[in-house]
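For reference, the structure discussed in these notes is given below.
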Amino acid sequence: MSAGELLLEAIDVVLEYHDGTRQVRAVDGVSLSLARGSFVGLVGPSGSGKSSLLFALAGLRPPTKGTVRMLGKPLPARPDASAPLRRTEVGFLFQEPFLVPYLTVRENALSHTVGPEAIERVESLAEEIGMASMLDERPHRLSGGERQRASLLRALANDPALILADEPTASLDQATGQAVMAVLRRQAKDAGLLVVTHDPAMLAGADRVLYLRDGRLGEGDA
Amino acid sequence: MAANGPHTGLARRALSPWTYLRRNPRRIAPLFAIQALVTCLLVLIITPTNAFEATAEANIRPLQVFTIVSPRLRREFDEELLAALDKNPHMASRVRAKMLWVRTPMIVGEGYAPLIALPQEVRGAFLKRVGLTLTAGRLPEPGKDGAALHEAVVQARGMQLGDTFGQLVDRTDATPGRFTLVGILRGESRLGLADLEYASQPYFVLARQDPFQVIYALPGQKAASDAYLHAAAHEDGTEALRVVDDAFVRSRIEAGLRNLPLVIGFITFSVAIVVALVIALLNVIAFQVRVDEFGLFLAIGHSRQRLVVKLAIEAFLVALLAWGVGLGLGLLGVWAYKVTWLEPRGILMHVVDARPLLFSISVPLLSTVTGAFALARRLHRMDPVAVIQRRGV
Chain A
4 MSAGELLLEA
14 IDVVLEYHDG
24 TRQVRAVDGV
34 SLSLARGSFV
44 GLVGPSGSGK
54 SSLLFALAGL
64 RPPTKGTVRM
74 LGKPLPARPD
84 ASAPLRRTEV
94 GFLFQEPFLV
104 PYLTVRENAL
114 SHTVGPEAIE
124 RVESLAEEIG
134 MASMLDERPH
144 RLSGGERQRA
154 SLLRALANDP
164 ALILADEPTA
174 SLDQATGQAV
184 MAVLRRQAKD
194 AGLLVVTHDP
204 AMLAGADRVL
214 YLRDGRLGEG
224 DA
Chain B
11 MAANGPHTGL
21 ARRALSPWTY
31 LRRNPRRIAP
41 LFAIQALVTC
51 LLVLIITPTN
61 AFEATAEANI
71 RPLQVFTIVS
81 PRLRREFDEE
91 LLAALDKNPH
101 MASRVRAKML
111 WVRTPMIVGE
121 GYAPLIALPQ
131 EVRGAFLKRV
141 GLTLTAGRLP
151 EPGKDGAALH
161 EAVVQARGMQ
171 LGDTFGQLVD
181 RTDATPGRFT
191 LVGILRGESR
201 LGLADLEYAS
211 QPYFVLARQD
221 PFQVIYALPG
231 QKAASDAYLH
241 AAAHEDGTEA
251 LRVVDDAFVR
261 SRIEAGLRNL
271 PLVIGFITFS
281 VAIVVALVIA
291 LLNVIAFQVR
301 VDEFGLFLAI
311 GHSRQRLVVK
321 LAIEAFLVAL
331 LAWGVGLGLG
341 LLGVWAYKVT
351 WLEPRGILMH
361 VVDARPLLFS
371 ISVPLLSTVT
381 GAFALARRLH
391 RMDPVAVIQR
401 RGV
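Protein chains in written order, with our numbering: chain A, 4 to 225; chain B, 11 to 403.
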């Protein structure tokens, strides 16, 4: 692996879906790229297609047109076919923590890992984000911020090449949100980081900020 | 690096079906309870059906020691028939007898224990051969209506020494004539003993009580002796003897119970199908609570096949545990039923029986298949993005 290596590339991606009888074009001809070590922010108003684009880039929504390439290879059309790649190379962070309620924080993190080396990584990451003492707690005993940090632990547990975050700080207070973003930025030194948010304050330090409106992309400096 | 056993185990534990089952007892409780209850009920219903066989087995056990024959076409054993019997090279001895039956109540219907009328001089040796001992009262006197019955038969009929029975006492009774209970016998063979002189009175002839001969074979030659008796024929080739041996009575019992496994199988299978459908429905309802969990697992790259296997194993473990517990409770119930109700009535029953085990296993198997199928279908149609976006709204 090398800094600047192209991790993710979207070429003229269009994503349409049916909403009842209406056909909606959520993403309209988007092209973008994300290199290792870079931090890209994606902002835009509600309904502009940010999350849809993120899911298309992750291989969870096959584009209607265009191509998405991850680690140099085009993503398969079927989401299930790209599952192994997501498992090993992608770290996901959602607006809600999505923790499995009957698993401990440690087990939640390990549910996204392959190989025994993840154990030490989870412990060292937990130390870094202040979750070490909560590794054996179940989610219902955690505060909102702690839960989001637990989901951050899971997203980073598999040492992903690519971190995709969808409104990761939306349900957090400013200070906790900044703390989560700080960890993400640190991780982005070795990975590519794409953060979808409606809060530009969370994109401090981003290499690029992309603006999405009505599914179309515009760009500005961070 | 931490590439060691406990750590690998930790990672594996996250998706282990056991982890889910151990930590969600309330969620699996309805699934567990229904399957355990149905298994328990099946054991309680099916096991007592062996009571007829078990009791009949005890009633015919003496036929492992001797064989009884009567003339097939003649009213008496004439010289020709007796000569034919005496030519049996495998016979040790024979004794004149009459064979009557004493009715005993069963769980459903009635069973019949043999009451053999023998000459006084041979009764001691006879009791010794069949392993019976007199525990109360005395043996019948010559020419008198006394009868010594097995303790289980006495218990089943609620009799006491001095009580009378037979068709002259109760016209619905199965035993012809009138007998007085004078002795109680104990042993593995459920056999009663009466006096041949008394049982040969005109009444018994009118009651069509055939004359019998009790045939004792030489040691180790019972099968050959029985074969000889079956083959004995008159000059015109017709069968000479009606042979009541172990194989004959056993075949009659089996013929009487021939359709029982079919009926039990049909009932069990019908119950298992209904239970399986209910379990499938409950599994789907329980799955609704876990939609976020599986939506997440799919989103972060777990394969649908692996998750289906996880769900199938969870369903199977619940079904298997419920089956085990249901079986245990059922056996406990059957044992209590036997001790408190059947044994006091002289009815035998095997507590451990293969049939309830085999029939009831269809409950966990069908429940697992239908439950896993219903969950696989739900999982197959699940869109992880829809799950994540709905939650995020």
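Idealized CB from N, CA, C, for every residue including glycine.
>> If distances are taken between C-alpha atoms only, which option among A:MET205, A:HIS201, A:ALA207 and A:LEU206 comes closest to A:LEU215?
In response: As a first step, residue 215 of chain A is located in the first sequence; it is residue number 212 there, counting from the start. Looking at the Cα atoms, A:HIS201 is the closest of the given residues.
> Taking the alpha carbon of B:LEU342 as the point to measure from, which residue in B:PRO58, B:TYR30 and B:HIS312 has its own alpha carbon closest?
Replying inline: Within the second sequence, residue 342 of chain B is the residue found at index 332, counting from 1. For the residues B:PRO58, B:TYR30 and B:HIS312, the minimum Cα distance to B:LEU342 belongs to B:PRO58.
> On the three-state DSSP scale, how would you describe A:ASP169?
Replying inline: Sequence index remark: in the first sequence, residue 169 of chain A carries index 166 (1-based). Note: A:ASP169 maps to strand in three-state DSSP.
> Can you tell me the Cα-Cα spacing of B:PHE76 and B:GLN170, whole angstroms?
Replying inline: What you label residue 76 of chain B is simply residue 66 of the second sequence in a count that begins at 1. What you label residue 170 of chain B is simply residue 160 of the second sequence in a count that begins at 1. Answer to the nearest angstrom: the Cα atoms are 29 Å apart.
> Among the residues of its own chain, which have a CB less than 8 Å from the CB of A:SER51, if the five just before and after it don't count?
Replying inline: One-based indexing of the first sequence puts residue 51 of chain A at position 48. Around A:SER51: LEU215, ARG216, ASP217 and GLY218.
> For A:VAL93, which option in A:LEU138, A:LEU63 and A:GLY180 has the closest C-alpha, if you only look at C-alpha atoms?
Replying inline: In the first sequence, residue 93 of chain A corresponds to position 90, counting from 1. Considering only alpha carbons, the answer is A:LEU63.
>> Could you check whether the Cβ of B:ASN34 sits closer than 8 Å to any Cβ belonging to chain A?
In response: The residue labelled residue 34 of chain B in the question sits at position 24 within the second sequence. Answer yes: the Cβ-Cβ gap between B:ASN34 and chain A drops below 8 Å somewhere.
> Does any C-beta atom of chain B lie closer than 8 Å to the C-beta of A:GLU110?
Replying inline: Numbered from 1 along the first sequence, position 107 holds the residue referred to as residue 110 of chain A. Closer than 8 Å to some Cβ of chain B, the Cβ of A:GLU110 qualifies, so yes.
> Which word fits B:GLU151, buried or exposed, when buried means at least 16 other C-beta atoms lie within 10 angstroms of its C-beta?
Replying inline: Taking the first residue of the second sequence as 1, we reach residue 151 of chain B at position 141. Classification for B:GLU151: exposed.
> Does the distance from the CB of B:VAL335 to the CB of B:ALA46 come in under 8 Å?
Replying inline: For this step, residue 335 of chain B is matched to residue 325 along the second sequence. For this step, residue 46 of chain B is matched to residue 36 along the second sequence. Contact: yes.
> chain D beta carbons: is any one of them nearer than 8 Å to that of A:SER146?
Replying inline: Here chain D cannot be found, since the structure's protein chains are A and B.
> Using a C-beta cutoff of 8 Å, does B:SER313 count as contacting chain A?
Replying inline: As a working mapping, residue 313 of chain B is identified with position 303 in the second sequence. For B:SER313, the answer is yes, since a Cβ of chain A falls inside 8 Å of its Cβ.
> Does the Cβ of B:GLN74 have 16 or more other Cβ atoms within 10 Å, making it buried, or fewer, making it exposed?
Replying inline: As a position in the second sequence, residue 74 of chain B is number 64, starting the count at 1. Classification for B:GLN74: exposed.
>> If the cut-off is 8 Å on Cβ atoms, which residues from the segment 365–399 of chain B count as contacting chain A, listed in chain order?
In response: PRO394, VAL395, ILE398 and GLN399
> Once you ignore the five residues that flank A:THR91 on each side, which residues in its own chain have a CB closer than 7 Å to its CB?
Replying inline: Taking the first residue of the first sequence as position 1, residue 91 of chain A is located at position 88. The answer, listed in chain order, is VAL117 and ASN161.
> Whose C-beta lies closer than 6 Å to the C-beta of B:CYS50 among residues of the same chain, with five residues either side of it excluded?
Replying inline: On the second sequence, position 40 is the one that residue 50 of chain B refers to. GLY336, LEU339 and GLY340, listed in sequence order.
> What is the DSSP secondary structure of B:PRO221, counted as helix, strand or coil?
Replying inline: For the purposes of this step, residue 221 of chain B is taken as residue 211 along the second sequence, with counting starting at 1. It is a strand residue.
> Can you tell me the Cα-Cα spacing of B:ALA364 and B:ARG391, whole angstroms?
Replying inline: The residue you call residue 364 of chain B lines up with position 354 of the second sequence. The residue you call residue 391 of chain B lines up with position 381 of the second sequence. Rounded to whole angstroms, B:ALA364 to B:ARG391 spans 41 Å at the Cα level.
> Can you give the Cα-Cα distance for A:LEU145 and A:LEU78, rounded to whole angstroms?
Replying inline: Here residue 145 of chain A is taken as the residue at index 142 of the first sequence, counted from 1. Here residue 78 of chain A is taken as the residue at index 75 of the first sequence, counted from 1. Going from the Cα of A:LEU145 to the Cα of A:LEU78 covers about 36 Å.
> For the segment 24–111 of chain B, which segments carrying the alpha helix (DSSP H) assignment without a break, of at least 4 residues, lie completely within its bounds, in sequence order?
Replying inline: 27–33, 35–56, 60–70 and 89–96
> For A:VAL117, which of helix, strand or coil comes out of DSSP?
Replying inline: Your numbering for residue 117 of chain A matches position 114 in the first sequence. DSSP places A:VAL117 in coil when its eight states are reduced to three.
> Is B:VAL328 near B:LEU25, with beta carbons less than 8 Å apart?
Replying inline: Counting from 1 along the second sequence, the entry for residue 328 of chain B is found at position 318. Counting from 1 along the second sequence, the entry for residue 25 of chain B is found at position 15. Their beta carbons are not under 8 Å apart, which means B:VAL328 does not touch B:LEU25 by this criterion.
> Do you know offhand how far B:THR350's Cα is from B:GLY356's?
Replying inline: The count along the second sequence starts at 1 and reaches residue 350 of chain B at position 340. The count along the second sequence starts at 1 and reaches residue 356 of chain B at position 346. Using only the alpha carbons, I get a separation of about 11 Å.
>> Between which residues of its own chain and B:ASP236 is the CB-CB distance below 6 Å, once the five residues before and five after are set aside?
In response: As a position in the second sequence, residue 236 of chain B is number 226, starting the count at 1. Hits under 6 Å: THR77 and ASP255.
> Excluding the five sequence neighbours on either side, which residues of its own chain have a C-beta within less than 7 Å of the C-beta of A:ALA129, listed in chain order?
Replying inline: Within the first sequence, residue 129 of chain A is the residue found at index 126, counting from 1. ALA135, LEU138 and LEU156.
>> Here's a check: name, in chain order, each residue in its chain whose Cβ is nearer than 8 Å to the Cβ of B:ILE398, leaving out the five neighbours to either side.
In response: As a first step, residue 398 of chain B is located in the second sequence; it is residue number 388 there, counting from the start. Cβ neighbours of B:ILE398 beyond the five flanking positions: GLY305, LEU306 and ALA309.
> Any idea if B:HIS312 is buried or exposed, counting beta-carbon neighbours within 10 angstroms, 16 or more meaning buried?
Replying inline: By 1-based counting over the second sequence, the position of residue 312 of chain B is 302. Result: buried.
> Of all the CB atoms in chain B, is at least one closer than 8 Å to the CB of A:PRO163?
Replying inline: The residue given as residue 163 of chain A occupies position 160 in the first sequence. No, because no Cβ of chain B sits closer than 8 Å to the Cβ of A:PRO163.
>> Assuming B:PRO27 and B:ILE323 are in contact, meaning their beta carbons sit under 8 Å apart, how far apart are those beta carbons, in whole angstroms?
In response: Here residue 27 of chain B refers to the residue found at position 17 when the second sequence is read from its first residue. Here residue 323 of chain B refers to the residue found at position 313 when the second sequence is read from its first residue. Sure, about 4 Å apart at Cβ, within 8 Å.
> B:GLU303 versus chain A: which residues are under 7 Å apart at the beta carbon?
Replying inline: Stepping through the second sequence from its first residue, residue 303 of chain B is reached at position 293. Per Cβ cutoff of 7 Å: VAL103.
>> Considering just the uninterrupted stretch of the alpha helix (DSSP H) at B:LEU267, what are its terminal residues?
In response: In the second sequence, counting from the first residue as 1, residue 267 of chain B sits at position 257. It is not in any alpha helix (DSSP H) - B:LEU267 carries neither H nor E in the DSSP assignment.
>> Give me the chain A residues within the contact set of B:LEU306, using Cβ-Cβ distance strictly less than 8 Å, ordered along the chain.
In response: Position 296 of the second sequence, counted from the start, is the residue given in the question as residue 306 of chain B. Chain A residues near B:LEU306: PHE101 and VAL103.
> When you compare only the Cα positions, how much space is there between A:LEU213 and A:ASN111?
Replying inline: Numbered from 1 along the first sequence, position 210 holds the residue referred to as residue 213 of chain A. Numbered from 1 along the first sequence, position 108 holds the residue referred to as residue 111 of chain A. Whole-angstrom Cα-Cα distance: 32 Å.
> Does B:ILE289 come within less than 8 Å of chain A when only Cβ atoms are used?
Replying inline: What you label residue 289 of chain B is simply residue 279 of the second sequence in a count that begins at 1. No, no contact with chain A.
>> Using DSSP's beta-bridge definition, name the partner residues of B:THR190.
In response: Here residue 190 of chain B corresponds to residue number 180 of the second sequence, with the count starting at 1. For B:THR190, which the question treats as bridged, DSSP gives the partners B:GLY156 and B:THR174.
>> Going by DSSP in three states, B:THR3 sits in which element: helix, strand or coil?
In response: Nothing in the structure corresponds to residue 3 of chain B, since chain B is present only between 11 and 403.
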